[in-house]
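Sequence lines, in order, name chains A and B. When we follow the working numbering, the leftmost residue of the first sequence carries the number 1, and every step to the right adds one. When we follow the working numbering, the leftmost residue of the second sequence carries the number 1001, and every step to the right adds one. Yeah, the Cβ is synthetic: ideal placement off N, Cα and C, and Gly gets one too. Keep in mind that this is a model prediction, so the values were computed, not measured. Comments concern the structure below.
There are 2 protein chains.
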Amino acid sequence: MNFLEERILKDGIVKEGNVLKVDSFLNHQMDVKLLDEIGKEFHRRFADKKVTKVLTIEASGIAIAYTVARCFDVPMVFAKKSKSVNVDGEMYTAEVESFTHKNKNQVIVSKKFLGKDDHVLIVDDFLANGCALQGLVSIAESAGATVEGIGIVIEKGFQIGGRVIRNLGYQLESLAIVDAMDAKTRTVTFREQ
Amino acid sequence: MNFLEERILKDGIVKEGNVLKVDSFLNHQMDVKLLDEIGKEFHRRFADKKVTKVLTIEASGIAIAYTVARCFDVPMVFAKKSKSVNVDGEMYTAEVESFTHKNKNQVIVSKKFLGKDDHVLIVDDFLANGCALQGLVSIAESAGATVEGIGIVIEKGFQIGGRVIRNLGYQLESLAIVDAMDAKTRTVTFREQ
């Protein structure tokens, strides 16, 4: 069991409806030492890749992208959620459906910050059905950039997102893959990696 | 002139309507070395304070809070924007008007992560009319926490936010205070600090 799986068992809370609350250390309150470890671990897993930029989506992805970008010593870019089409300058856009908020957002990245010479590592905190991630991949592909890999902190292995991305041929590294949760017994089952 | 003011003159873009675009290094693409410097500088300015938690608001504030929290070796908490009142558990809330998006958001922080024993350093990337910042102060005060200080990366000195916060007696440290901008001549005038 790695450092993240241990932390999930210690401080994660399993709720009805396959909800895993990690808001005490990952996506509301954030443990900076854990974030530092997460950055180092993704750097180790993608050490053989030539990464020029780390790409994520607001909001909680920003801390993940920062810690990873520090380790690679490259800039990070975060896609913005925008309901408006009134965006300044030339933008890459993707439509992203939010499972949690039951709405659609347009996700935008300025063309100034992503181009065909970029080698992109995409990161995010959670992967479930994969809509946000597919939007980020679509934006990177629109830019003509090379997607070197995808780093996810917690993947819900029982939802479709991870399988779709792996089937598409991307190297997807998830620090913890949750294959099952039980709110009654408060157990979390991780996939052996 | 400090490192941030130099960077603003080098890479910031002045637009009509008193808009200062810093999206190439601070709030869309992010320069991680600059963020590291920002963290160290806030740590230096609030070195005599007992800080137990760094508080900010999503989205771009998250990177600022992370770099500052690293330097103080404390957790960070980011307030979430939520249009819904259907929030899980007990929350501190504040209503925040967005100048940019011309709408109102409810801003929430879980009561689990802020309490009367906390000594809070509030940080954000921008301060203009101060609505977001006033919401964060209100949340910290609701929690009974002590606000040890407020750190802002770029303050628009010609808008009211900074004056209101200083009049209220808080120690507000802004790394750059822009007193005037001119889109025609592309000049930025910083306040002497």
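Between the stretch 1147 to 1155 of chain B and the stretch 1117 to 1129 of chain B there are three or more inter-stretch CB-CB distances shorter than 8 Å, so the stretches are counted as touching. Across the structure, residue 178 of chain A and residue 102 of chain A are spaced so that their CA atoms are roughly 23 Å apart. By alpha-carbon distance to residue 186 of chain A, the top candidate from A:14, A:108 and A:63 is A:14.
Residue pairing from DSSP places residue 78 of chain A in a beta bridge opposite A:56. Between residue 1139 of chain B and residue 1079 of chain B, the gap from beta carbon to beta carbon is short of 8 Å. Remark: C-beta atoms of residue 1076 of chain B and residue 76 of chain A do not approach each other more closely than 8 Å.
At least 8 Å separates the CB of residue 20 of chain A from every CB of chain B. Under the three-state reduction of DSSP output, residue 1110 of chain B falls in the strand class. Residue pairing by DSSP places residue 130 of chain A opposite no residue, since no beta bridge is assigned to it. Interface flag for residue 1170 of chain B against chain A is unset, since no Cβ pair is found closer than 8 Å. Looking at the backbone, the Cα of residue 165 of chain A and that of residue 37 of chain A are separated by about 25 Å.
The alpha-carbon of residue 188 of chain A is positioned some 14 Å away from that of residue 2 of chain A. Residue contact check for residue 1035 of chain B against chain A: a CB pair falls below 8 Å. Counting along the chain, residue 63 of chain A sits inside no beta strand (DSSP E); it lies in the alpha helix (DSSP H) bounded by residues 61 to 72. Three or more Cβ pairs closer than 8 Å define a contact, and the stretch 63 to 73 of chain A meets that threshold against the stretch 38 to 53 of chain A.
Using a Cβ distance threshold of 8 Å, residue 1115 of chain B and residue 1135 of chain B do not count as a contacting pair. Assigned with DSSP and collapsed to three states, residue 25 of chain A falls in coil, not helix or strand. Neighbours of residue 1062 of chain B in chain A, taken as residues at a C-beta separation under 7 Å, are given in chain order as 59, 62 and 63. Under the 8 Å criterion on CB atoms, residue 1092 of chain B is classed as non-interfacial with respect to chain A. Counting only unbroken stretches of 3 or more residues, the beta strand (DSSP E) elements lying wholly within the stretch 122 to 180 of chain A are 146 to 156, in sequence order.
The residue among A:95, A:111, A:23 and A:112 with its C-alpha nearest the C-alpha of residue 105 of chain A is A:95.
Under the three-state reduction of DSSP, residue 1118 of chain B is assigned to coil, being neither helix nor strand. Look at residue 1078 of chain B: its C-beta is under 8 Å from a C-beta on chain A.
Residue 117 of chain A is outside the set of residues whose beta carbon lies under 8 Å from a beta carbon in chain B.
Our two residues, residue 192 of chain A and residue 6 of chain A, have alpha carbons roughly 14 Å apart in a direct line. Around the beta carbon of residue 1098 of chain B, fewer than 16 other beta carbons lie within 10 angstroms, which makes this residue exposed.
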